[in-house]
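Numbering (my numbering), first residue to last: 577 to 665.
By construction, the Cβ of each residue, glycine as well, lies at the ideal position given by its N, Cα and C atoms.
To keep things clear, I will list the structure first and then write my remarks on it.
What follows is the structure, given as structure tokens:
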């Protein structure tokens, strides 16, 4: 299961934006400050991200199960993820 979650995370787009968010959070923590309310993540954005995480995790698990069932080599691709993001928007 952990490998499936790691694969789902690997498929996530916009690595730079995730890293920026983490860096900003660490900076605010070190400075003992709270992020201004206008910069908080909107609920609608969280729903979209949640859908992408859930979709990627389900895709990774189902692909792993199929490959395990059929005894084939397990190769991940990002093409399905990119299509699912386009369809979600």
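Counting only the Cα atoms, residue 607 lies some 17 Å from residue 616. Contact between residue 584 and residue 636 holds, with the beta-carbon distance rounding to 5 Å and staying under 8 Å. For residue 611, same chain residues with a beta-carbon under 6 Å away, outside a window of 5 residues either side, are 604 in chain order. For residue 585, the enclosing alpha helix (DSSP H) has its first and last residue at 578-586.
In this structure, DSSP gives residue 607 a state outside helix and strand, which the three-state scheme calls coil.
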